[in-house]
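Residue numbers (the working numbering), protein chains in the order written: chain A, 56 to 147; chain B, 274 to 368.
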């Protein structure tokens with residue numbers, strides 16, 4: 056399922072909204088989740104799972120082609136932990 | 274951020290919705306995604322990431338407390354692969 060499939064399904068379920076409105080809402084939801092993660096916040100969706108930001112420490116790497124040392128700066132990685140309900144649902 | 278806060282944001286940013294409608298649609302988004310994953314199909318949200326299902330074979334494990342051998346059963350697990358866009362976005366300096 057892609058984002059546009061999700062929009063299509065929602066517009067069929069929620070008959071009071073147009074497809075365009077559903078699209079705006081879906082974009083608002085994921086857009087704000089992104090902004091929340093950018094602020095370093097945790098997102099908790101009950102029954103679904105939680106999104107957190109993990110920090111990867113800066114480390115020394117090597118250019119595999121030249122063997123030269125390169126420093127890899129610290130970076131932040133989005134991480135999803137599946138909720139208990141959904142974990143059991145996909146395995147049923 | 275919680276689901277209730279997402280509902281509030283949708284209510285404020287998307288005009289013409291009642292609180293109840295905003296709540297129902299946010300609920301419907303996650304329920305539709307759950308139903309889809311339950312049926313065994315992956316979800317691709319462009320600009321955000323992919324929710325992928327992986328079938329794990331049974332493997333041998335050990336109870337770390339007792340040291341007993343146990344069998345870890347075959348199972349289907351859900352993983353999230355963030356998109357390049359999301360990864361770049363959360364590393365941007367907030368101005």
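Ideal placement from N, C-alpha and C gives every residue a C-beta, glycine not left out.
In this structure the region 322-338 of chain B touches the region 354-364 of chain B; the number of beta carbon pairs closer than 8 Å is three or more. Three or more beta-carbon pairs separated by less than 8 Å link the region 60-76 of chain A to the region 291-311 of chain B, which places the two stretches in contact. DSSP places residue 326(B) in the uninterrupted beta strand (DSSP E) bounded by 322-329. Under the three-state reduction of DSSP output, residue 99(A) falls in the strand class. With respect to chain B, the C-beta atom of residue 125(A) has no partner C-beta closer than 8 Å.
Contact between residue 132(A) and residue 287(B) does not hold, since the beta-carbon distance rounds to 30 Å and is not under 8 Å.
Neighbourhood of residue 305(B) in chain A, by CB distance below 8 Å: 61, 64, 65, 68, in chain order.
CA-CA distance, residue 359(B) to residue 89(A), rounds to 7 Å. Cβ neighbours of residue 348(B) within its own chain (closer than 7 Å, five residues either side excluded): 329. Between residue 58(A) and residue 363(B), the gap from beta carbon to beta carbon reaches 8 Å or more. Shown here, residue 86(A) sits in a helix according to DSSP, grouped into three states. Contact between residue 139(A) and residue 127(A) does not hold, since the beta-carbon distance rounds to 35 Å and is not under 8 Å. Under a 10 Å Cβ-count criterion, residue 147(A) is classified as exposed, with fewer than 16 other Cβ atoms of the shown protein chains found around its own Cβ. Sorting 96(A), 78(A), 83(A), 76(A) by C-alpha distance to the C-alpha of residue 110(A) places 96(A) at the top.
The Cβ-Cβ distance between residue 333(B) and residue 342(B) falls below 8 Å. Chain A places no beta carbon closer than 8 Å to that of residue 281(B), leaving this residue out of the contacts. Chain B has no Cβ within less than 8 Å of the Cβ of residue 109(A). In the structure shown, residue 305(B) adopts helical secondary structure according to DSSP, grouped into three states.
Cβ neighbours of residue 306(B) within its own chain (closer than 8 Å, five residues either side excluded): 316, 324.
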